[in-house]
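Read the structure below first, then the notes.
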Amino acid sequence: MFRTVIIALALVAPVGVATAQDIAPVISPGQAAEGIFHRSVAEGQARRIREGGSSATASAAPTAGQRRACASLPRFRAQLGANEPRVRKLEGLCAGVGL
Numbered sequence: 857m858f859r860t861v862i863i864a865l866a867l868v869a870p871v872g873v874a875t876a877q878d879i880a881p882v883i884s885p886g887q888a889a890e891g892i893f894h895r896s897v898a899e900g901q902a903r904r905i906r907e908g909g910s911s912a913t914a915s916a917a918p919t920a921g922q923r924r925a926c927a928s929l930p931r932f933r934a935q936l937g938a939n940e941p942r943v944r945k946l947e948g949l950c951a952g953v954g955l
């Protein structure tokens with residue numbers, strides 16, 4: 857009886873170990889592709905910086921809202937002061953779109 861139990865365990869143990877190694881990891885295809893996505897975004901940003909270009913939206917014509925905000929820049933400068941961070945940011949944005 858003891859001998860049959862030992863023989864049965866000797867036959868079953870390698871099968872259990874072999875099947876345990878074939879269990880697929882719990883990872884979705886989205887998780888697997890996440891690194892590829894982030895790398896492509898970083899490479900695109902680096903290429904734009906290297907080429908000295910900017911995004912397509914910044915090179916487009918200014919919108920009506922941008923023109924309106926830049927037209928009211930002198931009023932904001934008078935109300936808040938020229939050194940106010942929000943005024944300086946608006947000046948930079950207006951210069952970025954060419955207004």
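All the letters of the sequence shown, read from the start, carry residue numbers 857 to 955 under the working numbering.
Cβ coordinates follow ideal geometry from the N, Cα and C atoms, glycine included.
When the beta-carbon positions are compared, Leu929 and Cys950 come within less than 9 Å of each other. Uninterrupted beta strand (DSSP E) stretches at least 3 residues long and entirely within the segment 918-955 do not occur. With contacts defined as CB atoms closer than 9 Å, Gly891 and Pro918 fail to qualify as a contacting pair. Per DSSP, Ile892 is one residue of the alpha helix (DSSP H) stretching across Pro885 to Glu907.
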